[in-house]
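Each remark here refers to the structure printed beneath this line.
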Amino acid sequence: MATRVRPVSKRCAVIGGSGFLGRHLVEKLLDRGYSVSVFDIRQSYELPGVTFHQGDLCDKQALLSALKDVSLVFHCASPAPSSDDRLLFERVNIRGTQTVIQACLDAGVQKLVLTSSASVVFEGTDVKNGKEDLPYAKKPIDYYTQTKIEQEKLVLGACNKPKGFLTVAIRPHGIFGPRDPQLVPTLVDAARRGKMKFIIGDGTNLVDFTYVENVVHGHILAAEHLRADSPICGKPYHITNDEPIRFWDFMSEVLVGLGYPAPRFHLPYTLVYGLALLLLLLTWILRPVMSFKPTFTPMRVALAGTYHYYSCEHAKEHLGYKPVVSLKEGIARTVASYPHLRRGA
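In this text, residue positions in the sequence shown follow the working numbering: the first is 1449, and each later residue adds one.
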């Protein structure tokens, strides 16, 4: 049996490196002197020092070519949370992650850092300063969350110090920033269609929004602290801006920054949630004859009308984490990066 060669320490792979978070992570790793192998289903850019490998996450042989001589892997591939394709979530987040773990073991990778989600402990009711010891959601709010729970369990359960394979999970919440394909474009689209006039609930609910550079910072800190004698092995860590903000204040700052009016009319939370449930029921009933996607889903209403912010104390203690970009600065940078979405553009 051939002996396993220890890969070089400054070579890493980013699975999902063509995505929003993945590309920001790749750029920061290059700044820190890493050479980077990217594995993704598509290639969206070119950068010096980056080798691209296109392929399916469930194809172990394709993955192995991207993991050659790699000691550290970041796994941040996932379908968009707003998708309702259950089979796709299961294929990528569960089966794909099983393949990633096996490929890492076969390739002699020593460290695997997973991009998980703080929503794995969120059930649509208030979470205030939630810590990592909260139980996984028994009633996940959507397929994305349901499969992220299974994914996190797989990765953390694969941590094996005797075999020299160490894992850790980063749980960001409400990621935003330049090149974000979800939050800001969706918000602007709703504003342009006149659907951002209303505040769901009393508008006092605090939530975490996390600037993408802080999420990247948390990932790299986790990778560089991941050693056999470290308390972080096999553990999840919340990474946020550590500045909870009223959900509707954040939305208003982005909208006003881009020239749109802030929402100002209040709707009762229970009424809107009830309507969202009714619409969901109608989509199921009518699915055989017609297909439509309601704007207000129970998940979106819950995210807009409840408290959901998380403690970063463990990340501060074990990773030396603190945000590198403030929320105010993050919002300013994000708004400035979308001139084409400004009102009248």
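By construction, the Cβ of each residue, glycine as well, lies at the ideal position given by its N, Cα and C atoms.
If you're wondering where the values come from, they're calculated on a predicted model, not measured in any experiment.
So, are the CB atoms of residue i and residue j less than 8 Å apart?
i	j	result
residue 1758	residue 1621	yes
residue 1667	residue 1535	no
residue 1694	residue 1653	yes
residue 1703	residue 1752	no
residue 1659	residue 1486	no
residue 1525	residue 1463	yes
residue 1583	residue 1603	no
With distances taken Cα to Cα, identify the nearest neighbour of residue i among the options.
i	options	result
residue 1511	1493, 1563, 1557, 1639	1557
residue 1709	1792, 1691, 1739, 1769	1792
residue 1712	1540, 1532, 1649	1649
residue 1761	1551, 1485, 1580, 1519	1580
residue 1770	1688, 1733, 1755	1688
residue 1657	1775, 1669, 1651, 1560	1775
residue 1595	1754, 1531, 1660, 1699	1531
residue 1605	1626, 1549, 1659	1549
residue 1513	1627, 1700, 1488, 1525	1488
residue 1499	1613, 1724, 1553, 1466	1466
residue 1707	1635, 1494, 1766	1635
residue 1631	1520, 1528, 1738	1528
residue 1573	1497, 1686, 1566, 1755	1755
residue 1811	1786, 1609, 1567, 1544	For the chain, the structure presents residues 1449 to 1793; residue 1811 sits outside this window and is missing.
residue 1627	1782, 1790, 1459	1782
residue 1504	1544, 1663, 1575, 1721	1544
residue 1553	1586, 1540, 1519	1519
Taking DSSP's pairing of strands, which residues face residue i in a bridge?
i	result
residue 1617	1562, 1684
residue 1658	1623
residue 1488	1502
residue 1698	DSSP output for residue 1698 lists no bridge partner at all.
residue 1460	1484, 1520
residue 1648	1715
residue 1720	Its beta-bridge partners do not exist; DSSP assigns none.
residue 1608	1613
residue 1557	Its beta-bridge partners do not exist; DSSP assigns none.
Can you look up residue i in the DSSP assignment and give me helix, strand or coil?
i	result
residue 1757	strand
residue 1582	coil
residue 1570	coil
residue 1653	coil
residue 1693	strand
residue 1776	helix
residue 1508	helix
residue 1596	helix
residue 1476	helix
residue 1576	strand
residue 1537	helix
residue 1678	coil
residue 1589	coil
residue 1550	helix
Can you tell me the Cβ-Cβ gap for residue i and residue j, rounded? I've got them flagged as a contact below 8 Å.
i	j	result
residue 1589	residue 1571	7 Å
residue 1501	residue 1563	In fact, because the Cβ distance is near 18 Å, the residues do not count as touching under 8 Å.
residue 1615	residue 1560	5 Å
residue 1598	residue 1617	Residue 1598 to residue 1617, Cβ: 12 Å. No contact.
Quick one: does the C-beta of residue i sit closer than 7 Å to a heavy atom of the ligand GTP?
i	result
residue 1616	What this structure holds is no ligand at all, so the ligand GTP is not there to describe.
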